[in-house]
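Notes follow the structure.
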Amino acid sequence: MENESPKHGKVWLWLDERIGLSDLAKLVKKKEVPLHRHTFWYYFGGMTLFLFMIQVGTGILLLLYYRPSAGEAFESIQFIMTEVEFGWLVRSLHSWSANLMIFAMFMHLFSALMLNAYRRPREMTWLSGSGLLGLSLAFGFTGYLLPWNELAYFATRVGTEIPGILPVIGPFLRRLLRGGDDVTGATLTRFYGIHVAILPAIVTVILGLHLFLVQKHGMSRPPSVEKSSDEKKMPFFPNFFLRDLVGWLCALGLLAALAAYYPAELGKKADPFQPAPIGIKPEWYFMAMFQTMKLLPSHILGIEGELLGVLGFGLVGLVLVLLPFLDRRAALARWSLWPTAFAIALIAYSIVLTYLGYTMSPTK
Amino acid sequence: MAHEGSTAALDNGRRKFLNWFLSTTAGAFLISVTYPLSRYLIPPKVEESTASTVTLSIKPNDVKANTGQIFRFGSQPAILIKDTNGELKAFSAVCTHLACIVQYRSDISHIWCACHNGHFDLNGRNVEGPPPKPLEQFAVNVRADQIVVNKRG
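Sequence order for the protein chains is A and E.
Residues in the first sequence are numbered from 2 upward in steps of one, following our numbering.
Residues in the second sequence are numbered from 8 upward in steps of one, following our numbering.
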């Protein structure tokens, strides 16, 4: 024992012999973060992870009182909001953290895009990241229905109708999503199962892969920095990690303030035999798509406008996912204009349409 | 040498057979898992209400002119409208765009969908906004103080 490193106690040594703590410690010590003028953007991945952990925690707490049926879902959330101590806080944190997580994720996506982080050898990191974004949007969409209120009901009717527009497989997909021909209690149970079991299981695997790849390849340095042969670095632990923690603390503060001052609303219980309420709208991250569907005319060149809209969204998504393979110059570690232009155009389009979605008169 | 060569050929044949046997078994196992799984995920057909006629609980004289209301037609929502001339009309209330439930706008005498701002006139025609098709119209008959709505054709 005297030969062992004196800075570790007996417990550490006991554990080290059995699970290999020193290997882990070596791994942590090895990890470094490149320092350059774009280092700031590295924080958003960790931020997304932090907010995801909050989602897991608050989500598990909500499970203890939530009841996934058309007859009880709304009432059980009413119970959480009014009777359960701090129930309002747990639900509001879950709802706000979901929004902040999607926001952090978009920041992470667009910064990785603009800094060309997707280029060789990180194509799989990019692909797994886009998978995680898709899964997060699916989390948002399925979670939105669970309160079984008016907004949720119609958002789900519209959302599940959208794949239904596709020729041939559309009606089948719609039935598969809804668990029947209409949005009913069967849809609620299905979305609940997807939200609390299927998506978490898939996310665990893909997130594991994503984080593994980030460790394997290290942080990507943008081409401009790579060229300058500026090799400044900072150890990840504890230097960068502590900075990460400061960011997380800020996010937690913002989250607590939002949850306390703007607790999540519940609205009216869903009624499948009432008209859609005036001013109905989806979550903000679906707003640009929603507004596009609103503005598209019924027919464009003889094709139904809605079909063109859906195909357009699909195409943009596909370009985004396949970016590492479409950007040939990036493979040669050279910066190319079009992905940046594409990203800026996408951001500008989303901002304008989202703005219109929130400001245009709902009855005109 | 000749003996060794034939053993190798024999081994090779055995190897091929075993590989083939193993992979078909694995394939069959995979199918026996995925087939029931995929069938399980597809929701069973529920007997759809085939009602082609419905008698409303509301009396014709209780419906005010220039108003609309949702009623149940089988498992689907439908809308009953009394126009400014006092004529009763009924349509499917499911918007032909993205399946939201429409409402009657008395200020413009249109059937209107709040989701994506689709307008239909009182013949169910899609006159403004994104809906690609007209609403299905039903026949309304007043018999002995009762409103009876029928599917057409």
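Built from N, CA and C at the ideal position, the CB exists for glycine as well.
Mind reading off the beta-carbon distance from E/P138 to E/H104? Whole number of angstroms is fine, and I expect it under 8 Å. 4 Å
Indicate whether A/H95 and A/T49 have their beta-carbon atoms separated by less than 8 Å. no
Helix, strand or coil for A/Y263? Go by DSSP, reduced to three states. coil
Assign A/M2 to buried or exposed, taking buried as 16 or more other Cβ atoms, counted over all protein chains shown, within 10 Å of its Cβ. Confidence at A/M2 is low in this model, with a pLDDT of 42, below 50, so the placement of that residue should be treated as unreliable; the coordinate-derived value is given next. Looking at its Cβ environment, which holds fewer than 16 other Cβ atoms inside 10 Å, A/M2 is exposed.
Taking A/F142 as the query, report the chain E residues whose CB atoms sit under 8 Å from its CB, ordered along the chain. Chain E residues near A/F142: none, gap ~14 Å exceeds 8 Å.
Considering only C-alpha positions, which residue in the set A/M54, A/G310, A/E73, A/M115 is nearest to A/S337? A/M115
Please report how far the alpha carbon of A/S70 lies from the alpha carbon of E/S82, in whole angstroms. 19 Å
If I'm right that E/C107 touches A/R158 with Cβ under 8 Å, what's the distance once you round it to whole angstroms? 6 Å
Which whole-angstrom value describes the C-beta separation of A/E284 and A/G141, a residue pair presumed to lie in contact below a C-beta threshold of 8 Å? 6 Å
Would you please state the rounded distance, in angstroms, between the beta carbons of A/L316 and A/I207? I believe it to be under 8 Å. At roughly 23 Å, the Cβ-Cβ gap does not stay under 8 Å, so A/L316 and A/I207 are not in contact.
Three-state secondary structure (DSSP) of A/Q292: helix
DSSP state of E/C120, grouped into three classes? strand
Residues in the same chain with beta-carbon distance under 7 Å from E/H117, minus the five sequence neighbours each way, listed in chain order, please. H126, F127, D128
Give the single residue among A/A153, A/Y43, A/V34, A/G171 whose Cα lies nearest to the Cα of A/L308. A/G171
What would DSSP say about E/N130, mapped onto helix, strand or coil? coil
Along chain E, which residues have their Cβ under 7 Å away from the Cβ of A/G181? P50, V53
Name the chain E residues that come within less than 8 Å of A/A334, Cβ to Cβ? Going along chain E, no residue has its Cβ under 8 Å from A/A334, so there is no contact; the nearest lies around 41 Å.
Distance check for A/L128 and E/D18, CA to CA, integer angstroms please. 43 Å
Determine whether the Cβ of A/K295 lies closer than 8 Å to any Cβ atom of chain E. yes
Can you have a look at A/D24 and say buried or exposed, based on whether 16 or more other CB atoms are within 10 angstroms of its CB? exposed
What does A/R176 touch in chain E if you count any residue whose Cβ is under 8 Å from its own? I49, P50
Beta strand (DSSP E) runs contained entirely in the segment 35-118 of chain E, provided each spans 3 or more residues: 60-62, 74-80, 83-89, 95-99, 110-112
Since A/K27 is in the beta strand (DSSP E), which residue starts that stretch and which ends it? It is not in any beta strand (DSSP E) - A/K27 instead sits in the alpha helix (DSSP H) that spans 22-31.
Grab the span of the beta strand (DSSP E) containing E/F145 for me, first residue to last. 144-150
Listed by chain order, chain E residues near A/R158 by CB distance under 7 Å: A106, C107
For the pair the segment 32-42 of chain A and the segment 95-105 of chain A, tell me if three or more CB-CB distances fall below 8 Å. no
Neighbour-count burial assignment, A/P276, 16 or more Cβ in a 10 Å radius: buried
Answer yes or no: does any C-beta atom of chain A fall closer than 8 Å to that of E/H123? yes
Backbone CA spacing between A/P122 and A/Y43 [nearest angstrom]: 18 Å
Look up A/H300 in the DSSP assignment and give the residues it is bridged to. A/E305
Residue environment, A/G310, which counts as buried when at least 16 other CB atoms sit within 10 Å: buried
To which residues of the same chain is E/N124 closer than 6 Å at the C-beta, ignoring the five residues directly before and after it? G136
Ordered list of alpha helix (DSSP H) runs contained in the segment 314-353 of chain A, each at least 4 residues: 324-327, 329-332
Please determine if the segment 352-361 of chain A and the segment 290-310 of chain A are in contact, where contact requires at least 3 C-beta pairs separated by less than 8 Å. yes
Answer yes or no: do A/V91 and A/L63 have a C-beta to C-beta separation smaller than 8 Å? yes
Chain A partners of E/P43, CB-CB under 7 Å? Per Cβ cutoff of 7 Å: no residues; E/P43 is ~16 Å from chain A at best.
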